[in-house]
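522 is the number of the first residue of the sequence shown in this note's numbering; add one for each residue after it.
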Amino acid sequence: MICPICGKDLKIFVSTYDVPFFEKILLTSISCECGFKHADSIVVGEKEPTRLKIKVRRDNLFTKVIRSTSGTIRIPELGVSIEPGPASQAFVTNLEGILRRIEDIVRIAMRWNESDEIKVKRCEWILKKIQETIDGEEELTLVLEDPFGNSLIISDECFKERISEEEAKNLKTG
């Protein structure tokens with residue numbers, strides 16, 4: 522395989538890993554001496570379509586979240602969705618990590634829309650709600666939907682339900 526940046530041969534690493542509370546994943550990594558690199562993790566297998574819900578509070582911000590390449594994250598109170606796209610990558614983080622990702626995206630949106638007062642105010646409101654949740658003054662709901670059932674929230678507080686085939690068909694898969 523050839524590096525898309527410099528044209529030299531890439532180093533390729535492939536491994537499988539058993540994730541506790543989850544299942545086997547395939548880890549892939551490609552790199553080049555020029556600095557180019559790309560890594561991905563792919564869940565081996567497929568399960569029933571699922572919806573996971575958890576209340577996000579200060580005392581559970583370290584709850585682990587595994588979002589597969591087909592997982593959609595929503596926070597209804599904020600009107601925020603993170604949907605998979607063609608270059609979607611799986612990731613492992615915690616609830617606070619998801620809030621911080623959203624913060625980063627909202628800050629970028631604020632800069633792009635700095636001349637639109639309504640959009641800037643909306644961004645400021647979202648940032649305020651996130652900070653209030655982190656500070657323990659607010660509670661948000663995180664919904665993680667996956668048509669292939671390959672995403673997970675590791676917590677006894679997490680509510681899990683099967684979603685219909687029709688709902689699963691309407692979800693983006695990356």
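All C-beta atoms, glycine included, are put in the ideal place defined by N, C-alpha and C.
Query raised in the report: If we count Cβ pairs, one from each stretch, closer than 8 Å, do we get three or more for the segment 584–603 versus the segment 668–677?
Result: Because the criterion of three Cβ pairs below 8 Å is met, the segment 584–603 and the segment 668–677 touch.
Query raised in the report: Who are the near neighbours of Lys558 in its chain, counting only those whose CB is closer than 8 Å to its CB and skipping five residues on each side?
Result: Counting from 1 along the sequence shown, the entry for residue 558 is found at position 37. So the list reads Ser550, Ile551, Ser552, once near-sequence residues are dropped.
Query raised in the report: By Cβ distance, which residues of its chain are closer than 7 Å to Glu624, with the 5 residues on each side in sequence left out?
Result: Mapped onto the sequence shown, residue 624 falls at position 103. Counting only Cβ-Cβ distances below 7 Å, and skipping sequence neighbours, we find Leu648, Ile651.
Query - Beta-bridge pairing of Asp505 - partner residues as DSSP gives them - result: Residue coverage of the chain in this structure runs from 522 to 695, which leaves residue 505 outside it and unanswerable.
Query - 6 Å Cβ shell around Leu661 - same chain, five flanking residues per side excluded - result: Taking the sequence shown and counting its residues from 1, the one referred to as residue 661 is at position 140. By the criterion of a C-beta distance shorter than 6 Å, Leu661 is surrounded in its chain by Val577, Ile596, Glu598, Thr654, once the five residues flanking it on both sides are discounted.
Requested in this report: Measure the beta-carbon distance from Ile587 to Glu678 and round it to whole angstroms, keeping in mind my assumption that it falls under 8 Å.
Outcome: Stepping through the sequence shown from its first residue, residue 587 is reached at position 66. Stepping through the sequence shown from its first residue, residue 678 is reached at position 157. Cβ atoms of Ile587 and Glu678 stay farther apart than 8 Å, at about 16 Å.
Requested in this report: Have a look at Ser672, Lys529, Leu547, Leu582 and flag the residue whose alpha-carbon is nearest the alpha-carbon of Asp561.
Outcome: Counted from its first residue, the sequence shown places residue 561 at position 40. Looking from the CA of Asp561, the closest CA among Ser672, Lys529, Leu547, Leu582 belongs to Leu547.
Requested in this report: Within 10 angstroms of the Cβ of Arg572, are there 16 or more other Cβ atoms? Answer buried if so, exposed if not.
Outcome: Here residue 572 is taken as the residue at index 51 of the sequence shown, counted from 1. With 16 or more other Cβ atoms from the protein chains shown falling within 10 Å of its own Cβ, Arg572 counts as buried.
Query raised in the report: Can you pull the DSSP bridge partners for Ser609?
Result: Stepping through the sequence shown from its first residue, residue 609 is reached at position 88. Answer by DSSP bridge pairing: none, since Ser609 is not bridged.
Query raised in the report: Between the Cα of Ser602 and the Cα atoms of Val664, Ile629, Gly695, which residue gives the shortest distance?
Result: To locate residue 602, count along the sequence shown from 1; it is residue 81. The residue among Val664, Ile629, Gly695 with its C-alpha nearest the C-alpha of Ser602 is Val664.
Query raised in the report: Who are the near neighbours of Trp646 in its chain, counting only those whose CB is closer than 8 Å to its CB and skipping five residues on each side?
Result: For the purposes of this step, residue 646 is taken as residue 125 along the sequence shown, with counting starting at 1. The answer is none, since no qualifying residue turns up.
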